[in-house]
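Q: Pasting a structure here, questions to come.
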Amino acid sequence: MLLPATLGNSWWDIRIPFSEEVKYWALGMSVFLFLIAICILIWQTHRYCTQLTASKHTVNSTLLDSQSAKNETFQSSPIPNYQLYFHHDEVGSLSSCLYSSSDLANSTDSLEDVDEEHVQGTLRFSLFYDQLQSRLVVTVLEARDLAARTFSQHVDPFINVRVLWVAVEDEEQQLTCVLQEWQTRPVKDSCNPTFGDQFSCTVTEEEMPRVTVRLEVRDFDKYSRHGILGDVRASLNGLKISSPLEMMAGLQRPKKDIVGEVLLSLKCMPTSHRLEVGVLKIRTVFRSSKVERALYARTKIVCNQCRIRHQKTSERTHRDVTVFNEVLIFTLPESQIRECVLTLSVYELCPEKRSKCLIGQLSFGKSQSVEDEHWRMMMRALRQPVAKWHFLYL
C-alpha cells in the first residue's frame, strides 16, 4: 500500500518534545522494572516448587508415623470390657418408651411438645355426676412435687382438662371424640400449685361408661409452645360419682388419643421440584348439633426444625366422612423434599364465634419411625400418586 509522500514525511517528522537525557532515563527505568518483575517471577516459581516438594514429604512421613503408631497401639492395648448397666429408677421410664408394633400404632411420633424429662408429681381432683341435670362436674384441686424444666429451672403449671368419649367399644382402634375442653389458670413459679377451678358439661347417663376424663399438666410458656409435664386419666366406667369423689393419682407419660383418620395422597416430582399432597377424605367422630360446623386441614413442611412452607384447604361441612379431594402443591429443592417432615392439622370452625378448635394432627416423613412407610412408598414410585390412610392424634 503506497502512501502519499506528504503524509509519509509528516509521520517521520514527529518528534517527542523531551531531551535526550530524559529519554535515556525513562528507557533505563523501564528496563530496570522489567528485570525486577522477571526476578520476582523466577523467585515465586522456585518457592512454589520447593514448598510443594516439602509438603509431599511431610504428608508421607506423617501417614507412615501415624500408621505405625496405630499398629503399635492396637497390638499393645487390651480389649476393653464393656458392661450394660441400667439404673433401677430408670427401668420404668425406659420400659414406657419400648413399645411393640401395636403400641406404636396407638401412639404417635408427633409428640413434639412432650418433654423427655423424668415425669414426676401427683394431681388431686374430684369428679361428680349430677343425675338430675345430667351434668359432669370436674374440680381441679392441686398438684404436688412437679418437676421443674431443666433449661428454665422453674415451672408455671396449669391443667388442661378434656372429657373424651369413645365412639365404638369393640373396634381395635377406638376413635375418640372430645366432648369438652377447659384450662385452669396458670400458677406462676410453683412446683406445688393449688387451683380450685371447677368445670361442668352435659353428659347423658348412657354415655357415661364410654367417658374418660384426661387431665394434662402443662408448663405455661408465653413465647413458645407449652411444655407437657404428664397427665392423669380417669375412666368413668363403673366409677360411682353420684356424690363428689376426690381422687389423687401420679402423673404418667402422656399418650395421644386416636380421634380420626385422614386419606392422603403423596406425589414427588423431582424434575420440577414439587411435592403434591392430596387431602382426600377425613373421618372423625361426628356428633350432631344444631350449629353446623366446618372443617379444614392445614399442611406445613418442616425441614431441620424450621417451617418452610404451609398451605390450607378450603372449608367443608363437618360430616362423619368429610370429602375434600384437594391437592396442595409445594415447590421445594430436591434435598428438602427428601429430608423434610410433613405435618397435617385438622381444625373445626364454629360459625357463631369464628373460632377454630384443633381436632387432630399427624406428622410423618423420612425421619419418622411410624408413619414413614407412606413416605418410602412415595420415594419408590416417583411421579405417581400414592394414597394411604393415616390416624389423627390429639
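For the sequence shown, counting from 1, position 133 maps to 136 in our numbering; every step adds exactly one. Backbone N, C-alpha and C fix where the C-beta goes; we use that ideal spot for every residue, glycine too.
Look at the Cβ atom of L397, then the Cβ atom of G368, and state whether they are nearer than 8 Å.
A: Result no, Cβ atoms of L397 and G368 do not sit closer than 8 Å.
Q: Which of the three DSSP states, helix, strand or coil, is assigned to T320?
A: It is a strand residue.
Q: What first and last residue would you give for the beta strand (DSSP E) that runs through D234?
A: Residues G230 to S238.
Q: Given this structure, state the Cα-to-Cα distance separating V169 from V214, to the nearest angstrom.
A: Each residue's Cα considered, the two are about 7 Å apart.
Q: Should the stretch 258-274 be regarded as contacting the stretch 387-397, the criterion being three or more beta carbon pairs within less than 8 Å?
A: Output reads yes: the stretch 387-397 touches the stretch 258-274.
Q: For T205, which residues in the same chain have their Cβ closer than 7 Å to its Cβ, ignoring the five residues on either side in sequence?
A: So the list reads S137 and R138, once near-sequence residues are dropped.
Q: If we count Cβ pairs, one from each stretch, closer than 8 Å, do we get three or more for the stretch 236-244 versus the stretch 180-196?
A: Cβ pair count under 8 Å is below three, so no.
Q: Alpha carbons only, please: which of L365, R341 and T346 is nearest the one belonging to R379?
A: Residue R341 is the option with its Cα nearest to R379.
Q: According to DSSP, is P160 part of a helix, a strand, or is it coil?
A: P160: strand per DSSP, three-state reduction.
Q: Thinking C-alpha only, which one of F333, A146 and H49 is nearest S193?
A: Nearest of F333, A146 and H49 to S193, Cα basis: A146.
Q: According to DSSP, is G241 helix, strand or coil?
A: Coil at G241, not helix or strand.
Q: Output yes or no for whether 8 Å exceeds the beta carbon distance between V141 and V164.
A: Taking 8 Å as the Cβ cut-off, V141 and V164 qualify as a contacting pair.
Q: Could you pull the DSSP bridge partners for R2 from this structure?
A: The structure shown does not extend to residue 2, since the chain is modelled only from 4 through 397, so no value can be given for it.
Q: Here's a check: name, in chain order, each residue in its chain whose Cβ is nearer than 7 Å to the Cβ of D200, leaving out the five neighbours to either side.
A: Answer for D200: V143, T187 and R188, listed in chain order.
Q: Quick one: Cα of G233 to Cα of K303, how far?
A: Using only the alpha carbons, I get a separation of about 27 Å.
Q: Excluding sequence positions up to five away, which residues of its chain have a Cβ less than 7 Å from the Cβ of R290?
A: Cβ within range, chain order: C180.
Q: When the Cα of D375 is compared with those of C360, I311, T346 and E279, which residue comes out closest?
A: Cα-wise, what sits closest to D375 is T346.
Q: For a quick check, are the C-beta atoms of A252 and L365 less than 8 Å apart?
A: For A252 and L365, no; Cβs fall outside 8 Å.
Q: Count the other CB atoms, across all protein chains shown, that sit within 10 Å of the CB of S227; report buried if there are 16 or more and exposed otherwise.
A: The residue in question, S227, is exposed, as its Cβ has fewer than 16 Cβ neighbours within 10 Å.
Q: Does the Cβ of H49 have 16 or more other Cβ atoms within 10 Å, making it buried, or fewer, making it exposed?
A: Burial call: exposed.
Q: Once you ignore the five residues that flank N328 on each side, which residues in its own chain have a CB closer than 7 Å to its CB?
A: If we look at N328 and ignore the five residues flanking it on each side, its Cβ neighbours are L283.
Q: Quick check on the DSSP output: the alpha helix (DSSP H) that includes D375 runs from which residue to which?
A: It spans D375 to R383 - the alpha helix (DSSP H) in which D375 sits, taken as one unbroken run.
Q: Applying the 10 Å Cβ sphere with the 16-neighbour rule, what's the burial state of M381?
A: When all chains shown are included, M381 counts as buried.
Q: With a 10 Å radius around its C-beta and 16 neighbouring C-beta atoms as the bar for buried, classify L254 as buried or exposed.
A: The residue is buried, with at least 16 neighbouring Cβ atoms inside 10 Å.
Q: Buried or exposed: where does R310 fall if 16 or more other Cβ atoms within 10 Å of its Cβ makes it buried?
A: Counting Cβ neighbours within 10 Å, R310 comes out exposed, since fewer than 16 surround it.
Q: Taking C-beta to C-beta, are R221 and I231 nearer than 8 Å?
A: Yes; because the gap between Cβ atoms is below 8 Å, this pair is in contact.
Q: If you draw a straight line from the C-alpha of D112 to the C-alpha of C343, how long is it?
A: Because D112 carries a pLDDT of 37, less than 50, the predicted location of this residue cannot be relied on, and the following value inherits that uncertainty. One C-alpha to the other measures close to 15 Å.
Q: Which residues in the same chain have their Cβ closer than 7 Å to the Cβ of L385, if we skip the five residues on either side of it in sequence?
A: Within the same chain, L385 has close Cβ partners C271 and P273.
Q: Distance check for W185 and V122, CA to CA, integer angstroms please.
A: Their Cα atoms are separated by approximately 22 Å.
Q: Using the Cβ count rule (16 or more neighbours within 10 Å means buried), how would you classify G124?
A: By the 10 Å Cβ count, G124 comes out buried.
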